[in-house]
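Chains as they are written, first to last, in our numbering: chain A, 1 to 204; chain B, 1001 to 1204.
We put the beta carbon where it would ideally sit given N, CA and C, even for glycine.
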DNA sequence: GGAAAATTTGGACACTCGTTCAAATCGTTC
DNA sequence: GAACGATTTGAACGAGTGTCCAAATTTTCC
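See below:
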């Protein structure tokens, strides 16, 4: 935390942080195209049609920018299944809708998911935004866990795995499907949908 | 394939390709320390105590170097469970030894696995060594599949999932355990061992 | 309207990157 | 030992990086 956060408090928090969020969102799409390491701040600036120096006015540096960007995107993402958890009437309906939704996000936001895994991996080498990544990981784990627990409730029994294991399994099949999808395998969408349903009904 | 491979044929294949393998192996440990994007060829050269230009004498460039390096490492890795598959007498023994072995490689070669996931992710952005990564992915999938099939044989029934799904699940729990381990969670070794056994006995 | 603050710009800085290449060295063969 | 090809070096090139900053512009407030 340096000059940037100080500036955020001096001016009204509103304008500054709103602008921060806008820039971070725009930056995210730029970085998602070619990856974290392959995208310079000049690419980001060009993509947002704003100047390079401005990025350092609103952010403490590249890590701060990307950390903020992935956080505000993923923390939104992690609420994607809330409506399904809240409104599903049976375990079968929950599983079915969950499968459809997870396949939909793979199809519609493949680039963003690719970037997420890129950043998570980078955080295993750099300490730049490691804390943010860890926080997101916990968010996602809790998201999966909420689905698993609700499904078990509707089915009238206890989950057969813990939260960490459930997240590992769903994350595994999702990443695998993402890779296949990015390599041109369209069928991976449907395979992910079915695999998710199988995993949920089988282990929850 | 450019000047380098041409040179390989002119001189006896032996000396040149042997040197290539040595350099690639040394380069791998250098890149594993800080990641593909954060490690320059100068770092590699310094790590191997050889000159920078030499790397371009034996390799067509960074991608060629790293592609060769990860290939010769991982194609060896993919045979790690062969003895277990061949000599286990019961399904329970196979599962138990598999769990021990997968936890052991996580503990002993965490840096290399971290690098593997780094390179696989990079290949989703660059085309540099994408084909090599895909080939390794198939190798690993076949490795997992061999374990699953053998376990099913010993237990006297058919595998309940296909090869791609099995790989996705095992890769998922392994990556999850690796991340936890790298973040300082020692217990993830034991959790991975148990989760692997559960996955194998439950879905094969 | 004018002063003060916030915002925005464009360029400069110091550095690292992958790549290239002429020259030097080594090893082999006649 | 001379000649030739294989090997190795170290320096250089051009492009790229993140960061920083003085100046210009816009906005805000008295």
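Counting only beta-carbon separations shorter than 7 Å, does residue i have a partner in chain A?
{"i": "residue 943 of chain B", "result": "A query on residue 943 of chain B cannot be resolved here, the shown segment of chain B reaching from 1001 to 1204 and no further."}
{"i": "residue 1118 of chain B", "result": "yes"}
{"i": "residue 1092 of chain B", "result": "no"}
{"i": "residue 1172 of chain B", "result": "yes"}
{"i": "residue 1195 of chain B", "result": "yes"}
{"i": "residue 1041 of chain B", "result": "no"}
{"i": "residue 1189 of chain B", "result": "no"}
{"i": "residue 1156 of chain B", "result": "no"}
{"i": "residue 1141 of chain B", "result": "no"}
{"i": "residue 1182 of chain B", "result": "yes"}
{"i": "residue 1125 of chain B", "result": "yes"}
{"i": "residue 1019 of chain B", "result": "no"}
{"i": "residue 975 of chain B", "result": "Nothing can be reported for residue 975 of chain B, as the shown portion of chain B is limited to 1001 through 1204."}
{"i": "residue 1114 of chain B", "result": "yes"}
Any idea if residue i is buried or exposed, counting beta-carbon neighbours within 10 angstroms, 16 or more meaning buried?
{"i": "residue 118 of chain A", "result": "buried"}
{"i": "residue 1010 of chain B", "result": "No answer about residue 1010 of chain B holds up, because its pLDDT of 46 lies below 50 and its placement is not dependable."}
{"i": "residue 1053 of chain B", "result": "exposed"}
{"i": "residue 136 of chain A", "result": "buried"}
{"i": "residue 157 of chain A", "result": "exposed"}
{"i": "residue 19 of chain A", "result": "exposed"}
{"i": "residue 186 of chain A", "result": "exposed"}
{"i": "residue 193 of chain A", "result": "buried"}
{"i": "residue 79 of chain A", "result": "exposed"}
{"i": "residue 1012 of chain B", "result": "Confidence at residue 1012 of chain B is low in this model, with a pLDDT of 45, below 50, so the placement of that residue should be treated as unreliable; the coordinate-derived value is given next. Classification for residue 1012 of chain B: exposed."}
{"i": "residue 1064 of chain B", "result": "buried"}
{"i": "residue 181 of chain A", "result": "buried"}
{"i": "residue 74 of chain A", "result": "buried"}
{"i": "residue 1171 of chain B", "result": "buried"}
{"i": "residue 168 of chain A", "result": "buried"}
{"i": "residue 88 of chain A", "result": "buried"}
{"i": "residue 1191 of chain B", "result": "buried"}
{"i": "residue 104 of chain A", "result": "exposed"}
Quick one: residues in its chain with C-beta nearer than 6 Å to the C-beta of residue i, no 5 flanking neighbours on either side, listed in chain order?
{"i": "residue 1122 of chain B", "result": "1036"}
{"i": "residue 32 of chain A", "result": "111, 112, 115"}
{"i": "residue 44 of chain A", "result": "27, 30"}
{"i": "residue 132 of chain A", "result": "67, 71"}
{"i": "residue 1047 of chain B", "result": "1030"}
Below 8 Å on the Cβ atoms is my guess for residue i versus residue j; work out the distance and round it to an integer in Å.
{"i": "residue 1081 of chain B", "j": "residue 1101 of chain B", "result": "6 Å"}
{"i": "residue 202 of chain A", "j": "residue 154 of chain A", "result": "Between residue 154 of chain A and residue 202 of chain A the Cβ distance is about 15 Å, and since that is not below 8 Å, they are no contact."}
{"i": "residue 1151 of chain B", "j": "residue 1200 of chain B", "result": "6 Å"}
{"i": "residue 99 of chain A", "j": "residue 197 of chain A", "result": "4 Å"}
Near residue i, which residues of its chain fall below 7 Å by C-beta distance, leaving aside the five closest residues on each side in sequence?
{"i": "residue 1175 of chain B", "result": "1117"}
{"i": "residue 8 of chain A", "result": "With a pLDDT of 47 at residue 8 of chain A, under the threshold of 50, the modelled position of this residue cannot be trusted; read the value that follows with caution. Closer than 7 Å at Cβ, skipping near neighbours: 16, 17."}
{"i": "residue 130 of chain A", "result": "123"}
{"i": "residue 1024 of chain B", "result": "1065, 1068, 1069, 1072"}
{"i": "residue 1097 of chain B", "result": "1084, 1088"}
{"i": "residue 1149 of chain B", "result": "1159"}
{"i": "residue 21 of chain A", "result": "72"}
Could you give the residue range of the alpha helix (DSSP H) that holds residue i?
{"i": "residue 1058 of chain B", "result": "1052-1058"}
{"i": "residue 141 of chain A", "result": "130-155"}
{"i": "residue 75 of chain A", "result": "62-77"}
{"i": "residue 1114 of chain B", "result": "1110-1122"}
{"i": "residue 86 of chain A", "result": "82-87"}
{"i": "residue 1171 of chain B", "result": "1163-1182"}
{"i": "residue 1046 of chain B", "result": "1041-1048"}
{"i": "residue 1188 of chain B", "result": "1188-1202"}
At the 7 Å Cβ level, is residue i part of the contact set with chain B, yes or no?
{"i": "residue 103 of chain A", "result": "no"}
{"i": "residue 35 of chain A", "result": "yes"}
{"i": "residue 200 of chain A", "result": "no"}
Check whether the Cβ of residue i sits closer than 6 Å to any heavy atom of the ligand COA, and report yes or no.
{"i": "residue 1063 of chain B", "result": "With respect to the ligand COA, the structure shown offers nothing to examine, as it has no ligands at all."}
For residue i, which residues of its own chain have a beta-carbon under 8 Å away from its beta-carbon, when the five flanking residues on both sides are left out?
{"i": "residue 1164 of chain B", "result": "1141"}
{"i": "residue 195 of chain A", "result": "173, 177"}
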